[in-house]
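Take the sequence shown: its position 32, counting from 1, is numbered 100 in my numbering, and each next residue is one higher. Yeah, the Cβ is synthetic: ideal placement off N, Cα and C, and Gly gets one too. Taking it in order: structure first as structure tokens, then the write-up.
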Amino acid sequence: MLGRGQLRPAASTAEKMIKVDHAGENGAVNIYRAQHLVSLLRAPGLRPELMHFQAHEVEHRQIFADYLARHNIRRCVSYHLCGLGGWGLGFVTGLIGPKAVLATTYAVENVVLEHLEHQTAYLRNVDTDAHHCVSAIIKDEQEHHDHAIDKLDKNSFLAKSLIKIVKYCTECVIRFGMR
Ligand SMILES: [Fe+2]
Ligand SMILES: [Fe+2]
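And the structure:
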């Protein structure tokens with residue numbers, strides 16, 4: 069493995085996808101981390117699953133980090149920004165309470181699943197390693213999504229608003245990262 073200074077920028081579309089996914093997973097880790105922290109006060113009943121989801125997101129981030137390391141690729145410049153944004157979103161929604169926490173999970177995972185579907189279709193014949201990484205996380209993201217949707221009115225104002233915000237932020241990160 070090379071030192072940070074010797075790493076190269078992502079070159080192919082597949083490499084850029086993984087670089088963006090890696091940053092996105094850092095966002096997800098921090099959403100659940102902040103929600104888990106605030107849930108001590110606002111949603112103690114959700115703590116076990118928030119911790120469970122956070123553990124998944126840490127694994128996902130590592131899967132993409134390992135790909136980047138294997139190919140000597142530098143991480144996305146938006147990596148820390150995603151972490152900070154995720155933490156902020158998690159903190160605010162955690163303070164609002166359980167409904168906002170569930171709506172965030174639903175919104176994030178909805179956007180993520182849609183995104184992963186496009187990626188697997190593209191990567192299948194282009195980059196086996198990248199395809200393997202993306203495929204490896206789908207089951208967990210589906211679990212997070214299904215868990216939230218079971219307990220949530222997805223047509224509520226809160227869920228709809230969060231979907232819009234999360235979609236917009238995700239699109240910005242993707243557009244920025246794929247340049
Ligand atoms: Fe994830
Ligand atoms: Fe997730």
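Using 10 angstroms around the beta-carbon of residue i, count the other beta-carbons present and answer buried if the total reaches 16, otherwise exposed.
i: G92; result: buried
i: E177; result: buried
i: E182; result: exposed
i: Y147; result: buried
i: T196; result: exposed
i: L220; result: buried
i: M246; result: exposed
i: L109; result: exposed
i: D89; result: buried
i: K87; result: buried
i: K84; result: buried
In this structure, does DSSP put residue i in helix, strand or coil?
i: R248; result: What the structure shows of the chain is the stretch from 69 to 247, and residue 248 is not part of that stretch, so it cannot be assessed.
i: R243; result: helix
i: L163; result: helix
i: R101; result: helix
i: V88; result: helix
i: S146; result: coil
i: S229; result: helix
i: K222; result: coil
i: A82; result: helix
i: D134; result: helix
i: R110; result: helix
Quick check: the Cα distance between residue i and residue j, rounded to an integer number of angstroms?
i: A79; j: C144; result: 12 Å
i: H104; j: R129; result: 18 Å
i: S203; j: T188; result: 7 Å
i: A171; j: G158; result: 11 Å
i: G113; j: N223; result: 23 Å
i: S107; j: R243; result: 32 Å
i: G153; j: V241; result: 11 Å
i: V160; j: L230; result: 12 Å
i: E127; j: I205; result: 9 Å
i: D208; j: L163; result: 25 Å
i: K235; j: H200; result: 25 Å
i: F225; j: R138; result: 43 Å
i: K167; j: E239; result: 24 Å
Taking a contact to mean a Cβ-Cβ separation below 8 Å, would you say residue i touches residue j in this structure?
i: Y174; j: A227; result: yes
i: V194; j: A82; result: yes
i: Y135; j: F121; result: no
i: E125; j: V97; result: yes
i: V169; j: A123; result: no
i: L75; j: N140; result: yes
i: W34; j: A216; result: This structure gives no information on residue 34, because the portion of the chain shown stretches from 69 to 247.
Under 7 Å: does the beta carbon of residue i sit that close to some heavy atom of ligand 4?
i: H212; result: Looking at this structure, you won't find ligand 4 anywhere; what it does contain is ligand 1 and ligand 2.
Taking the DSSP output, what are the residues bridged to residue i?
i: R76; result: I141
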